[in-house]
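Here you go:
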């Protein structure tokens, strides 16, 4: 079902017109209300009148996560505090936390975009949605909450953690939708298995998974283990939270709610915009947000954009499933390595558990990457040579994919820390 | 004719064996034989216990990778040449031994033999007059 056909299926010309109008107003508002942007404009000798439409987007300055930190906590807000009705804060996984604020209108818009996402995933008022994202400062829980209510589905606001209770509610209330991070979904799947509950014994049919990059192989794994169709939802607190983009039933990229968030793909080194279809860093400009509007925010997520009409009928631009964050990218002996590449290899082998961790060290000025993989008890053999053989094959497959040599270590089951939120995949000892 | 052996995957990390023996002690499980094979990264603990099913469940619940395999417990007199006589039988029947380990107690020695087919191995030894554990 399409929640807002008028917007989601509108012509490119109409969308461009809408974006240009929004952008002009937004630039003016920022220039007069946010000293940080006014100063940037003045330094660049740029006037709000120079921005006539989205064709001038590239003239605007970038905004970095550091700018939010430098103006902590509310220095970039474009409205007085009295207009702010909600505050959230980033998890601070990559450094000092940042604070974001929403006006009443921002929250309405957030519900609207989440409602579009949920409709695209086939969720309706007949569904029971178990939101196992953290509620609180993290945008995941509350962000999806109001959108779910807007669609009319029943919300179970269980938040993250307390796995035993998650399983109980899932069974007692008959949850049809599970919304959480893919790593927590995996943990819940394992817990169901341990408790002897088969996928047929739950009513789950849709998974809304996001807040971290995950691969299509992980999708297959989760769909198989939980007996549902898994959808990727994208968002980041600086821009809004979950609901910036989401997959439709075609799962051929995520439809960006571009009437609110204009996406661009840039080359992270030259900072030049890249043509349609090329992979680069995703950059967002908000055009309707009141509390914390941002110009060309550097997400550090890698993706590509596609403007052709989707088979679902939506014309909203599609972003490819994120390949990972540039800050998750490891540079090992000069080669770029994403955890997602290793995840793909492991899941394609069907012989190991999907739990892994990457340990990076520097020995004698040489980077060493060691991949720890949990032994899957289903494949545990009594013979040492079979285990050594498995170890060799994992090593061989990872090296083939990455093009660098790695160490592989099989570890005991359940020894890699499980996550109720975002998974910790990397331990980089080089930074110490 | 054959007996159940437990195999446990152990990371090469201090305290792992201690942990296994603790779980077994807590569940009142007695080990009568064991061996540890090691590679550079991991070890494999193989053992014969009095309550294999209970030990399997207890270890599994404590997050160990564990499985049960059928092996032959060959009982031979603790005298020179006993093992030679038994192995001759296996050679004659073309039975390949994956691994074995042994312990002796009073006048007898027990040899745990892991081969591709435990039943066949036990039958061959029995036919030749050897005693195997039940």
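Protein chains in written order, with the working numbering: chain A, 1 to 432; chain B, 433 to 566.
Even glycine gets a Cβ: it sits at the ideal position worked out from N, Cα and C.
Residue i (DSSP reduced to helix, strand or coil)
i                      : result
residue 556 of chain B : helix
residue 77 of chain A  : coil
residue 117 of chain A : helix
residue 533 of chain B : strand
residue 342 of chain A : helix
residue 99 of chain A  : strand
residue 329 of chain A : coil
residue 479 of chain B : strand
residue 433 of chain B : coil
residue 140 of chain A : helix
residue 29 of chain A  : helix
residue 44 of chain A  : coil
residue 468 of chain B : strand
residue 410 of chain A : strand
residue 109 of chain A : helix
residue 202 of chain A : coil
residue 354 of chain A : coil
residue 517 of chain B : helix
residue 64 of chain A  : coil
residue 563 of chain B : strand
residue 301 of chain A : strand
residue 151 of chain A : helix
residue 433 of chain A : The requested residue 433 of chain A is not part of the displayed model; chain A covers only 1 to 432.
Those residues which DSSP pairs with residue i across a bridge
i                      : result
residue 367 of chain A : A:362
residue 241 of chain A : A:236
residue 474 of chain B : B:443
residue 505 of chain B : B:544
residue 160 of chain A : Its beta-bridge partners do not exist; DSSP assigns none.
residue 463 of chain B : B:481
residue 264 of chain A : A:283
residue 87 of chain A  : A:101
residue 230 of chain A : A:207
residue 273 of chain A : A:266
residue 179 of chain A : A:131, A:208
Check whether residue i and residue j have beta carbons under 8 Å apart
i                      : j                      : result
residue 154 of chain A : residue 114 of chain A : no
residue 137 of chain A : residue 211 of chain A : no
residue 407 of chain A : residue 370 of chain A : yes
residue 497 of chain B : residue 377 of chain A : yes
residue 416 of chain A : residue 374 of chain A : yes
residue 206 of chain A : residue 176 of chain A : yes
residue 132 of chain A : residue 168 of chain A : no
residue 372 of chain A : residue 384 of chain A : no
residue 422 of chain A : residue 183 of chain A : yes
residue 99 of chain A  : residue 73 of chain A  : yes
residue 102 of chain A : residue 123 of chain A : no
residue 254 of chain A : residue 321 of chain A : yes
residue 566 of chain B : residue 541 of chain B : no
residue 519 of chain B : residue 556 of chain B : no
residue 186 of chain A : residue 339 of chain A : no
residue 319 of chain A : residue 302 of chain A : no
Best match in the options for proximity to residue i [C-alpha to C-alpha]
i                      : options                    : result
residue 188 of chain A : A:427, A:250, A:419        : A:419
residue 391 of chain A : A:345, A:427, A:107        : A:345
residue 410 of chain A : B:505, B:503, B:557, B:474 : B:474
residue 325 of chain A : A:310, A:421, A:306, A:283 : A:283
residue 146 of chain A : A:323, A:173, A:117, A:366 : A:117
residue 414 of chain A : A:367, A:335, A:191, A:239 : A:191
residue 251 of chain A : A:239, A:227, A:235, A:208 : A:208
residue 53 of chain A  : A:237, A:14, A:77, A:363   : A:14
residue 433 of chain B : B:521, B:527, B:503        : B:503
residue 179 of chain A : A:340, A:289, A:226, A:41  : A:226
residue 28 of chain A  : A:49, A:278, A:19          : A:49
residue 490 of chain B : B:470, B:526, B:452        : B:452
residue 16 of chain A  : A:5, A:120, A:57           : A:57
residue 548 of chain B : B:531, B:445, B:485        : B:531
residue 294 of chain A : A:12, A:6, A:31            : A:31
residue 55 of chain A  : A:21, A:148, A:36          : A:21
residue 341 of chain A : A:356, A:246, A:333        : A:356
residue 11 of chain A  : A:247, A:364, A:314, A:141 : A:314
residue 230 of chain A : A:289, A:248, A:170, A:149 : A:248
residue 434 of chain A : A:317, A:245, A:349        : Residue numbering for chain A in the displayed model covers 1 to 432; residue 434 of chain A lies beyond these limits and cannot be assessed.
residue 291 of chain A : A:7, A:104, A:71, A:8      : A:104
Presumed contact (8 Å Cβ cut-off) between residue i and residue j, rounded CB distance
i                      : j                      : result
residue 262 of chain A : residue 280 of chain A : Going by Cβ atoms, the distance from residue 262 of chain A to residue 280 of chain A rounds to 15 Å, so no, they are not a contact pair.
residue 425 of chain A : residue 61 of chain A  : No, residue 425 of chain A and residue 61 of chain A are not in contact; Cβ-Cβ is about 33 Å, not under 8 Å.
residue 438 of chain B : residue 500 of chain B : 6 Å
residue 285 of chain A : residue 23 of chain A  : 7 Å
residue 18 of chain A  : residue 259 of chain A : 6 Å
residue 218 of chain A : residue 347 of chain A : 6 Å
residue 533 of chain B : residue 467 of chain B : 4 Å
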